[in-house]
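For reference, the structure is listed below as structure tokens.
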Amino acid sequence: MKQNTSGYLLALLAVVIWSGNFVVARAVADMIPPWQCNFWRWFTAFVTILPFAWRHLREDWPALRRHWRFVVVMSLLGVTLMNTFFYKAGQSTESLNMALIAPTAPIIILIFSRLLYGEAITPRRLLGMLVVATGIVILVSRGDMERLAALRFAPGDLWSLGGAASFGLYSLFMRHRGTDLSVFGFSAATFGLGALFCVPPVLAEMCWLPPVQWEPAVIIGVLYAGVGCSLS
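Position 224 (the sequence shown) corresponds to 221 in my numbering; numbering is contiguous.
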């Protein structure tokens, strides 16, 4: 019983920490462009995890080479794209909106599992989808149907939906991670590759957009996302 309770509490703590990423996305939106924010977040995460993962990376190297296509896809979905979409969303929508759209990921997972793998949407799964959808509607409307009818979506909400879709696909494809890839080795590889894939758009932002305002809020936000959200 104590082990179950500890597991639930740790899972709840992880969700609370992850939720802070939406606050960071909104708070630093005007001070650092989305691609640069995402790059520095995952570069921080990679540097932080590397001392603990170096041995696993060396041991997993043959497996990483065998499964390189899988590792590349997961790096793009879970690191490069997902969080950039959320940081882009922070430029034009509220952190609450992003936090409300993110829970649509389970619905997206069920839809893609049906489309990609032909898995049946069982009554139990359908009930779960309805519960999630109902919860989102209640939170957004606050129980007022007139408020729901007057709801208008900002462009950032579509970016948030793109982030939720990326997370849904990432979660769905995780079933293909072989047992020959350790958690530390796989995480470090995807962190590093995901940050590397951000470099071309980061260079474009540096050429076309104003320089980053490295204020304390930006530094704290990047560290919080890179260490707290990425490693929890």
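Using N, Cα and C, we set each Cβ at its ideal position, and we do this for glycine too.
Extent of the continuous alpha helix (DSSP H) to which residue i belongs
{"i": "W58", "result": "P31 to R63"}
{"i": "S184", "result": "V180 to F194"}
{"i": "P103", "result": "A102 to Y114"}
{"i": "P213", "result": "P213 to L220"}
{"i": "A86", "result": "M79 to A86"}
Sequence-distant residues of the same chain with beta carbon closer than 6 Å to residue i, five excluded per side
{"i": "A26", "result": "G87 and Q88"}
{"i": "W205", "result": "none"}
{"i": "F188", "result": "W39, A42 and F43"}
{"i": "R122", "result": "L107"}
{"i": "V128", "result": "none"}
{"i": "A186", "result": "L61 and V68"}
{"i": "W156", "result": "F82, K85 and A86"}
Closest residue to residue i among the options (Cα-Cα distance)
{"i": "Y167", "options": "G75, G218, I104 and V21", "result": "G75"}
{"i": "M28", "options": "P197, G182, V215 and V224", "result": "V215"}
{"i": "F82", "options": "P31, A185 and A186", "result": "P31"}
{"i": "G223", "options": "Q210, R55, W65 and A192", "result": "A192"}
{"i": "W37", "options": "W58, Y84 and R63", "result": "Y84"}
{"i": "S179", "options": "D57, A24 and P48", "result": "D57"}
{"i": "G182", "options": "L200, W156, P213 and H53", "result": "H53"}
{"i": "A201", "options": "Q33, R23 and P120", "result": "Q33"}
{"i": "D230", "options": "Y114, T90 and P48", "result": "Within the shown structure, residues of the chain are numbered from -2 to 229, placing residue 230 beyond reach of any answer."}
Contacts around residue i, its chain only, beta-carbon distance under 7 Å, and the 5 residues preceding and following it disregarded
{"i": "F164", "result": "M79 and A102"}
{"i": "D177", "result": "A60"}
{"i": "F109", "result": "G165, L166 and L169"}
{"i": "M203", "result": "none"}
{"i": "V21", "result": "G218, Y221 and A222"}
{"i": "W211", "result": "none"}
{"i": "N35", "result": "N80, T81, Y84 and C195"}
{"i": "G175", "result": "A60 and H64"}
Sequence-distant residues of its chain with Cβ nearer than 8 Å to residue i (five each side left out)
{"i": "F194", "result": "S72, L73, V76 and T77"}
{"i": "R117", "result": "For clarity, residue 117 is Ala in the given sequence; the question names Arg instead. Cβ neighbours of A117 beyond the five flanking positions: R111."}
{"i": "S184", "result": "I46 and A50"}
{"i": "M171", "result": "M71"}
{"i": "M126", "result": "P103, I104, L107 and I118"}
{"i": "F67", "result": "F170, H173 and R174"}
{"i": "L113", "result": "L169"}
Residue-level contact to chain B via CB, residue i, 8 Å cutoff
{"i": "L73", "result": "In summary, chain B is missing from the structure at hand, where a single protein chain is found."}
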